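Chains as they are written, first to last, in the numbering used here: chain U, 1 to 110; chain W, 1 to 113.
Idealized CB from N, CA, C, for every residue including glycine.
Quantities reported herein were computed from a predicted structural model and do not represent experimental measurements.
Below is one structure, written out as structure tokens; the observations come after it.
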Amino acid sequence: GQNIDQPTEMTATEGAIVQINCTYQTSGFNGLFWYQQHAGEAPTFLSYNVLDGLEEKGRFSSFLSRSKGYSYLLLKELQMKDSASYLCAVRVSSASKIIFGSGTRLSIRP
Amino acid sequence: DVKVTQSSRYLVKRTGEKVFLECVQDMDHENMFWYRQDPGLGLRLIYFSYDVKMKEKGDIPEGYSVSREKKERFSLILESASTNQTSMYLCASSLNLGRTEAFFGQGTRLTVV
């Protein structure tokens, strides 16, 4: 079966750093995505990892370890507008199928 | 910019009605997806299509069907709507090679009464 796990909720302080973890067990792997979704809006793409290691994009970084079935999203210098749900998704090889975890709701406090 | 457009933002239908949700993308993407999103359950894949007239079941296809007659259009059909199909429906599209992230439409909030 396919399984993607992430924490349901997290809270962090404005200006701090937060790490959101994602573990996956899928029948095949062809890349991992992170999306941000504000309440009432569609998900928007943040990052993509297909090889092991760290991808950095401004305040956001994403890490992948394929052997461990593990990824994290690192958000630095947190801002109030970062309050949102963060979705981990895996592109399953053998098809173009993209499946999502349940998402992590991140709340930022002043 | 990629644009994925869903035909309705809000929809209210009666139990037993046949419901069509339409999605159009303008970037020549091979892949198109229909998800539903419910609180605590995240996005669950209903169906996806990797080419015209080609489709594959996702994780929760029961009660749904799809149609892809043209590359840019992917329709989700609720054959006989039921109250447990009340949900947010999200359409997405992606390329097969290169930048393969999914781009989403704005979503359709469907209420079945």
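Q) When Cβ atoms are compared, which residues of the region 32-65 of chain U fall closer than 7 angstroms to chain W? A) Within the region 32-65 of chain U, the residues whose Cβ lies closer than 7 angstroms to some Cβ of chain W are F33, A42, P43, F45, Y48, listed in chain order.
Q: With distances taken Cα to Cα, identify the nearest neighbour of L78 (chain W) among W:T5, W:R14, W:H29, W:R44.
A: That would be W:R14, whose Cα lies nearest to the Cα of L78 (chain W).
Q. For T108 (chain W), which three-state DSSP category applies?
A. Residue state, collapsed to three classes: strand.
Q. Which residues mark the beginning and the end of the beta strand (DSSP E) in which S102 (chain U) is found?
A. Neither: S102 (chain U) is in no beta strand (DSSP E) and is coded neither H nor E.
**Q.** beta strand (DSSP E) segment containing L45 (chain W), residue limits
**A.** Following the DSSP letters along the chain, one finds L45 (chain W) inside the beta strand (DSSP E) bounded by residues 42-51.
Q) Which residues does DSSP pair with N96 (chain W) in a beta bridge? A) The partner list for N96 (chain W) (beta bridge, DSSP) is empty, contrary to what the question assumes.
Q: Tell me, please, which residues DSSP counts as bridged to G53 (chain U).
A: G53 (chain U) is bridged to U:L64.
Q. What residues from chain W crowd round S102 (chain U), counting only those whose CB sits closer than 9 angstroms?
A. Here the neighbours are G40, L41, G42, L43.
Q | Contacting residues, own chain, Cβ-Cβ under 7 angstroms from V4 (chain W) (five flanking each side not counted) | A | Same-chain partners within the cutoff: C23, Q25, C91, A92, S93, F103, F104, G105.
Q | Segment limits, beta strand (DSSP E) that includes R59 (chain U) | A | Secondary structure note for R59 (chain U): it is in no beta strand (DSSP E), with a DSSP letter that is neither H nor E.
Q. Does any C-beta atom of chain W lie closer than 7 angstroms to the C-beta of I99 (chain U)?
A. Closer than 7 angstroms: yes.
Q.
Once the 5 residues before and after E9 (chain U) are set aside, which same chain residues still bring their CB inside 6 angstroms of it?
A. R105.
(Q) As a quick exercise: from U:E41, U:F45, U:F29, pick the residue whose alpha carbon is nearest that of E101 (chain W). (A) Residue U:F45 holds the alpha-carbon nearest to the alpha-carbon of E101 (chain W) among U:E41, U:F45, U:F29.
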